[in-house]
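Numbering (this note's numbering), first residue to last: -13 to 256.
Heads up: the structure comes next, in structure tokens.
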DNA sequence: ATAAGTGTTGCGCA
DNA sequence: CTGCGCAACACTTA
């Protein structure tokens, strides 16, 4: 469930709290989420100093003096900065820092914690496959990305190799704001519709970032975000009236994901 | 009490 | 290129 807004907020907090600090030791409870053996992971990060934390799409990049730690929370999880002697009950990966604090990383279903040696970032396949950060894409670049592409609008937006950052929670309201059906073919999007879509993406994601991300995710200190259920327009509001026209919101299957939409405001033009 | 739904990603296959 | 189904593990809701 963490998507771009939550990850942007987490990157900001981590950058503020962790930059300049020393990683004294590393512990791993779920080796499956690593890209390298535990020993190599621990050897790479132990003793390193954190330089800064950024994000690309839903991936967090922790840059240190001896390589990179890439985190992806998958379908939800928490990154908590806690006293080393008061750890949460469950965690998958733990970084013990200076000042008797630890960074506890947990995810509910799956997630990734990858270590990449300094200077080897380009060789790593996962971030290399990411498209540009969705909030950095200008309208002109957005048009260029869409040019010649086939398929429907929703799968295109969810594909992280096209644009990095949009997930299945925010996409409902993005498409509603753009007045587009999730299954609208890309080839039938008018220039106006493309402009609306580009604007809707920025508006929706920035709105949540400004509120600290979604209420169901927490910050480094365990406090939930301020983007609440009542901030949703049609997403997860099956049967409730569309905020624009009052028509009941419907939930439909779109491939392997569900979509919420207003059948009147978001007709399929084909 | 059992089962389904839910988010993300990468993979293999048509 | 595109679309599909699948697998990974935990927790909530019908």
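Backbone N, C-alpha and C fix where the C-beta goes; we use that ideal spot for every residue, glycine too.
Do residue j and residue i have their beta-carbon atoms positioned less than 8 Å apart in this structure?
i: residue -5; j: residue 212; result: no
i: residue 59; j: residue 47; result: no
i: residue -10; j: residue 44; result: yes
i: residue 68; j: residue 90; result: yes
i: residue 154; j: residue 144; result: yes
i: residue 65; j: residue 206; result: yes
For residue i and residue j, what's the separation of their Cα atoms in angstroms?
i: residue 114; j: residue 241; result: 26 Å
i: residue 146; j: residue 127; result: 16 Å
i: residue 54; j: residue 40; result: 11 Å
i: residue 125; j: residue 192; result: 16 Å
i: residue 77; j: residue 97; result: 12 Å
i: residue 230; j: residue 196; result: 23 Å
i: residue 220; j: residue 248; result: 7 Å
i: residue 18; j: residue 74; result: 20 Å
i: residue -1; j: residue 255; result: 43 Å
Tell me which residues share the same chain as residue i and place their Cβ nearer than 8 Å to its Cβ, disregarding the 5 neighbours each side in the sequence.
i: residue 7; result: 35, 36, 83, 84, 85
i: residue 166; result: 139, 175, 179, 182, 183, 252
Which residue or residues does DSSP assign as beta-bridge partners of residue i?
i: residue 210; result: 204
i: residue 100; result: 56
i: residue 40; result: 47
i: residue 64; result: 92
i: residue 35; result: 8
i: residue 245; result: 238
Please name the residue in the options whose C-alpha comes closest to that of residue i.
i: residue 49; options: 4, 23, -10, 153; result: 4
i: residue 20; options: 228, 101, 108, 2; result: 101
i: residue 31; options: 152, -11, 103; result: 103
i: residue 215; options: 201, 224, 141; result: 201
i: residue 244; options: 157, 130, 64; result: 157
i: residue 225; options: 237, 217, 218; result: 237
i: residue 99; options: 152, 164, 12, 123; result: 12
i: residue 92; options: 189, 203, 233; result: 203
So, for residue i: in the same chain, excluding its five sequence neighbours on each side, which residues have a beta-carbon less than 6 Å away from its beta-carbon?
i: residue 14; result: 24, 79
i: residue 133; result: none
Within its chain, find whatever has a CB closer than 7 Å to the CB of residue i; leave out the 5 residues flanking it on each side and keep chain order.
i: residue 142; result: 135, 148, 172
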